[in-house]
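K.L.:
In this note's numbering, the protein residues as written are 513 to 627.
Beta carbons are placed, not taken as given, at the ideal position from N, Cα and C, and that holds for glycine.
Have a look at the structure that comes next, please.
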């Protein structure tokens, strides 16, 4: 079971790298559009996050709280919606794009700092 958790964690981190790296790279070019890395990163983050949280319902001290998981799920769904809906547009608003980056960083902060 631990091997599966580590594989899912690795996939989750790859999704984070795609999402944040793709968004920042696109932001630095000055063309605010949803590229495939951002889209796939948001999908991978959402699905692997759900898969990581599912087996943790066994109880114990190391288990994250339901509130933390709910906040992370809410942020992941918001990011996915913000990425998926305008994915075919030629350009998105600069504020919208900054919102994707900020929510991605907030989701990572919840994962790291919320104990």
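Do the region 594 to 610 and the region 618 to 627 meet, that is, are 3 or more Cβ pairs less than 8 Å apart?
P.N.:
no
K.L.:
Taking 8 Å as the threshold, find out whether the region 542 to 558 comes into contact with the region 599 to 614 through three or more Cβ pairs.
P.N.:
As far as the Cβ criterion goes, the region 542 to 558 touches the region 599 to 614, which means the pair count is three or higher.
K.L.:
If you reduce the DSSP assignment to three classes, tell me which class residue 544 lands in.
P.N.:
coil
K.L.:
Distance, Cα to Cα, residue 614 vs residue 536?
P.N.:
11 Å
K.L.:
Take residue 627 as the anchor and find which of 584, 580, 563 has the nearest alpha-carbon.
P.N.:
Out of 584, 580, 563, 580 has the C-alpha closest to the C-alpha of residue 627.
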